[in-house]
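Structure first, then comments.
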Amino acid sequence: MNTTKLVSALLATSFLGTAAFAQDVTITVESWRNDDLLIWQNTIIPAFEAGHPGIKVVFAPTAPAQYNSALNAKLAAGTAGDLITCRPFDGSLSLYDAGHLADVGGLENMANFGPVAKSGWSTDDGSATFCVPMASVIHGFIYNKEAFEEVGVDVPNTTDEFFAVLDAFKEDGNYIPLSMGTADQWEAATMGYANIGPNYWKGEEGRMAVIAGDQKLTDPQWVAPYAQLARWGEYMGDGFEAQSYPDSQNLFTLGRAAIYPAGSWELSGFNAQAEFAMGAFNPPVQAAGDECYISDHVDIALGMNSATKNADEVRTFLNWVGTAEFASLYANSLPGFFSLSNHTVEMSDPLAQEIVGWRNDCNSSIRPYHQILSRGTPNLANEYWVSSANAIRGSMTPEEAGAHMQDGLASWYEPQQ
Amino acid sequence: MSTQDRPKRRWHIVIFLTPAVLVYTALMIFPLFGTLRLSLFTTVGQEQIFIGLDNFRTLLGDERWSNSFWNALKNNTWFFVIHMIVQNPLGIAIAAMLSSSALRFSSFYRTAIFIPTILSFVIVGFAWKLILSPLWGIAPDMLDAVGLKFLFKPWLGKEEYALTTLALISVWQFIGIPMMLIYASLLSIPDEVLEAGECDGITGMAAFWKIKLPLILPSIGIISILTFVGNFNAFDLIYTTQGALAGPNYATDVLGSFLYRTFFGFQMQLGDPNMGSAIAMMMFLVILLGVCIYLFGIQTRMRRYQF
């Protein structure tokens with residue numbers, strides 16, 4: 023059904039685009055968000071096209087895992103689309119340095135974004151910005167409210183309470199306490215380490231200290247998250263070693279698991295799938311009263327392929343991405359992707375509103391290894407996938423995981439040598 | 127007679143060779159040298175700079191690179207060993223059974239066993255991932271039904287089992303190839319030879335070991351070398367089931383996935399075509415070495431029989 027619709031829609035656009043409205047300019051968006059295909063086709067693109075006659079937009083996503091390599095290959099071959107969805111930090115910076123992305127800092131609506139929002143897509147000195155920020159994602163835990171009521175536990179605020187809740191579910195036996203697997207490894211890192219870690223290394227403070235060389239990844243605040251992860255293993259489902267990311271999502275939305283270590287991007291999928299009430303809590307702090315930190319990671323932006331033949335139309339679109347209209351459309355059609363612009367965006371999704379509310383109580387930080395620290399070989403952002411998954415599976419002790427990361431970093435990063 | 131003395135130009139040789147030579151040169155030889163060239167350079171800024179064999183020195187000399195490289199090569203070797211001790215003997219055994227005239231429905235079995243070979247890696251990978259899934263898979267249920275649930279492990283997620291499991295999945299998929307090749311060469315053995323053996327009192331299993339097996343040895347040699355080349359080029363199955371990081375903890379990382387990660391980059395890691403090409407050249411050399419050992423060490427000594 024969906025496929026036929028899609029095919030006919032594509033056919034229709036291609037016929038109409040070539041025959042009836044030959045003067046229309048078609049611009050193509052490269053993206054890794056293939057989950058968002060319908061949202062772009064049904065909401066975002068019609069809204070844009072209604073206000074900008076003469077410009078047609080085609081959203082052409084690639085599978086997430088292949089996106090970077092496919093995009094690099096397409097850019098090198100000159101076949102990439104006009105608009106490029108930008109990964110944060112070095113992935114896009116290198117595209118800019120290679121001349122594939124144009125400087126879009128001069129767009130009128132770039133004024134709607136603060137420096138933190140732009141940090142993911144600016145040169146190190148901040149002189150050029152090459153993508154218009156679209157959204158950030160926030161980490162935390164999504165839980166099954168009904169399961170919590172059934173077992174009679176409350177939302178945990180500290181790590182001790184967190185493990186008490188997990189123990190209660192384990193004892194009860196009706197629910198898998200923690201829905202996560204290590205087969206794909208990246209959940210262990212992003213939803214595990216980067217999720218709970220900022221409470222230990224105090225968010226930006228620790229992150230900047232590592233970049234400056236003042237803290238080492240073998241320091242307690244960087245090893246302790248691994249120690250917590252190592253305790254997670256016993257609360258995960260049977261055979262979690264071979265449990266993949268979609269498996270974990272399904273376990274939770276089917277109501278078989280109680281707590282899901284999450285990124286806020288899950289919300290739209292979960293809202294559609296889960297038939298029970300859901301709640302969310304931010305990563306528990308070590309001791310009651312501690313200041314809380316969250317991972318509020320700049321995640322997605324849109325830039326201009328400098329080889330595009332339709333630069334004016336692309337600029338028009340990018341400028342529109344900086345408007346309040348786009349911010350509201352995007353944040354509401356994709357609950358869990360929070361706008362980075364300074365506009366106040368009202369979100370109709372209560373869970374999304376709850377999660378974005380953490381920004382008021384906790385300190386925001388981005389994922390630890392994405393800026394600067396993932397520049398060398400070995401790449402820390404990839405290495406911590408492996409070391410986090412290893413810590414959960416128990417094939418590396420927390421200390422070994424820390425030492426592994428520190429060795430890797432010190433092997434190429436001067437401030438750490 | 128004098129006209130006959132001049133050697134005739136045999137144009138047909140050139141004409142018949144040209145298409146293959148052109149296609150092969152354009153698609154195989156040219157890219158091979160392109161890769162070799164790329165592996166001798168490094169990228170500084172936006173420029174390619176010639177650095178001789180430095181990439182290879184890094185690959186084999188730098189502790190991190192060489193650990194990954196030897197780990198991948200070791201995994202490749204294990205992948206190959208599993209195929210050699212499971213796939214090929216089993217393929218020969220199945221072919222021997224199929225060629226026996228006593229077996230009914232042999233063409234059905236032949237087709238059924240061969241079918242996985244024509245499936246795509248992606249289908250095989252995902253199907254087996256689901257079959258072995260600890261959550262939704264039928265493997266734990268089937269083991270449970272016969273009371274052997276305790277044997278079930280999340281095989282694809284355990285460092286100690288993952289690679290062997292993948293190798294066995296690959297064996298399942300490709301067992302049809304040795305089976306078909308051996309089956310064909312078994313059928314080509316003339317009945318007179320076997321009957322002559324029978325007159326001398328060689329029947330049943332003895333006929334297989336003493337007459338058939340020596341006669342199909344050249345086919346077994348060909349199969350071994352096909353397996354070797356295929357296994358050291360392995361990538362697809364590992365990529366579809368375990369992803370580019372070839373988890374858990376690089377336990378299923380083979381040269382192919384190591385090359386992919388390095389060449390094209392992965393997530394935050396940017397691609398390094400130069401180091402990637404160096405790995406590709408090492409893969410080529412490993413396979414070349416293996417094939418040479420076979421060609422000069424084994425193939426030339428093999429005895430062939432003509433009927």
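Those sequence lines, one after another, are chains U and L.
Those letters in the first sequence? Residues 23 to 439, by this note's numbering.
Those letters in the second sequence? Residues 127 to 433, by this note's numbering.
C-beta atoms are modelled at their ideal positions from N, C-alpha and C, and glycine is treated no differently.
Note that the structure is a prediction, hence the values are computed from the model and not measured.
By DSSP, does L:Ile-346 sit in helix, in strand, or in coil? helix
Per DSSP, U:Val-80 forms a beta bridge with which residues? U:Thr-50
Quick one: using the 10 Å Cβ neighbour count with 16 as the cut-off for buried, is L:Gly-330 buried or exposed? exposed
Between the region 377 to 394 of chain L and the region 198 to 209 of chain L, do at least 3 Cβ pairs fall closer than 8 Å? yes
Which same chain residues end up closer than 6 Å to U:Ala-124 when comparing Cβ atoms and leaving out the 5 residues on each side of it in sequence? Met-326, Ser-328
Whether or not the region 212 to 227 of chain L and the region 255 to 274 of chain L are in contact is what I'm after, with contact meaning three or more pairs of Cβ atoms, one per stretch, closer than 8 Å; do they touch? no
Identify which residue in U:Ala-264, U:Ser-158, U:Glu-297, U:Ile-377 has its Cα closest to the Cα of U:Phe-274. U:Glu-297
Look at the alpha carbon of U:Gly-225 and the alpha carbon of U:Asn-217, and state the distance between them as a whole number of angstroms. 11 Å
Quickly, what does DSSP pair U:Ser-361 with across the bridge? List them, please. U:Ala-157
Could you check whether the region 93 to 108 of chain U touches the region 311 to 321 of chain U, counting it as contact only if at least three pairs of C-beta atoms, one from each stretch, sit closer than 8 Å? no
On the DSSP letters alone, give me the boundaries of the beta strand (DSSP E) that L:Met-401 sits inside. Run containing L:Met-401: none in the beta strand (DSSP E); it sits in the alpha helix (DSSP H), 399 to 418.
For U:Val-307, is the classification buried or exposed, using 16 other Cβ atoms within 10 angstroms of its Cβ as the cut-off for buried? buried
L:Ile-351 and L:Tyr-420: beta carbons closer than 7 Å? yes
Between U:Ala-432 and chain L, is there a C-beta pair that is closer than 7 Å? no
How many Å lie between L:Phe-422 and U:Met-202 at the Cα? 52 Å
Less than 7 Å between CB atoms is the rule here; does L:Asn-400 satisfy it with respect to chain U? no
Once you ignore the five residues that flank U:Gly-39 on each side, which residues in its own chain have a CB closer than 8 Å to its CB? For U:Gly-39, the predicted model reports a pLDDT of 44, less than 50, meaning its position is unreliable and no value from the coordinates is stated.
Any contact between the region 52 to 69 of chain U and the region 345 to 357 of chain U? By contact I mean 3 or more CB pairs, one from each, below 8 Å. yes
Short of 8 Å in beta carbon distance, which residues of its chain neighbour U:Asp-237, apart from the five on each side in sequence? Order them along the chain. Inspection of the sequence shows that residue 237 of chain U is occupied by Gln rather than by Asp. Cβ neighbours of U:Gln-237 beyond the five flanking positions: Trp-223, Gly-228, Ala-231, Gln-243, Trp-244.
Outcome for U:Phe-43 when other beta-carbon atoms lying within 10 angstroms are tallied against a minimum of 16: Annotation note: pLDDT 46 at U:Phe-43 (below 50); position unreliable, no value reported.
In three-state terms, what does DSSP make of L:Val-272? coil
Does the region 170 to 180 of chain U come close enough to the region 143 to 154 of chain U that 3 or more CB-CB pairs lie under 8 Å? no
7 Å Cβ cut-off: residues of chain U touching L:Glu-285: Ser-417
When the Cα atoms are used, what is the spatial distance from L:Leu-437 to L:Thr-151? Chain L is shown from 127 up to 433; residue 437 of chain L falls before or after that span and cannot be answered.
Against L:Arg-236, what residues of chain U qualify as contacts under a CB-to-CB distance less than 8 Å, listed in chain order? Correct list: empty, because the minimum Cβ distance to chain U is about 33 Å.
7 Å is my cut-off, CB to CB: does L:Gly-382 come that close to chain U? no
Three-state class that DSSP yields for L:Phe-392 in the structure shown: strand
Taking 6 Å as the line, does the beta carbon of L:Gly-330 fall inside it for any heavy atom of the ligand ADP? For the ligand ADP, the structure offers nothing, since it holds no ligand at all.
Candidates L:Ser-296, L:Thr-291, L:Asn-193, L:Phe-231, of which the one nearest L:Thr-243 by Cα: L:Ser-296
Taking the continuous beta strand (DSSP E) assigned at U:Cys-108, which residues delimit it? 105 to 108
U:Ser-433, enclosing alpha helix (DSSP H) - first and last residue: U:Ser-433 -> no alpha helix (DSSP H), and no H or E assigned at all.
Of all the CB atoms in chain L, is at least one closer than 7 Å to the CB of U:Asp-125? no
So within the region 184 to 263 of chain L, which uninterrupted alpha helix (DSSP H) runs reach at least 4 residues, ignoring any that extend past its ends? 189 to 208, 214 to 225, 232 to 240, 247 to 257
Under the rule that 16 or more other beta-carbon atoms within 10 Å means buried, what is U:Arg-109, buried or exposed? buried
Neighbour flag for L:Leu-371 against chain U, beta carbons, 7 Å: yes
Please say whether U:Gly-214 and U:Trp-287 have beta carbons closer to each other than 7 Å? no
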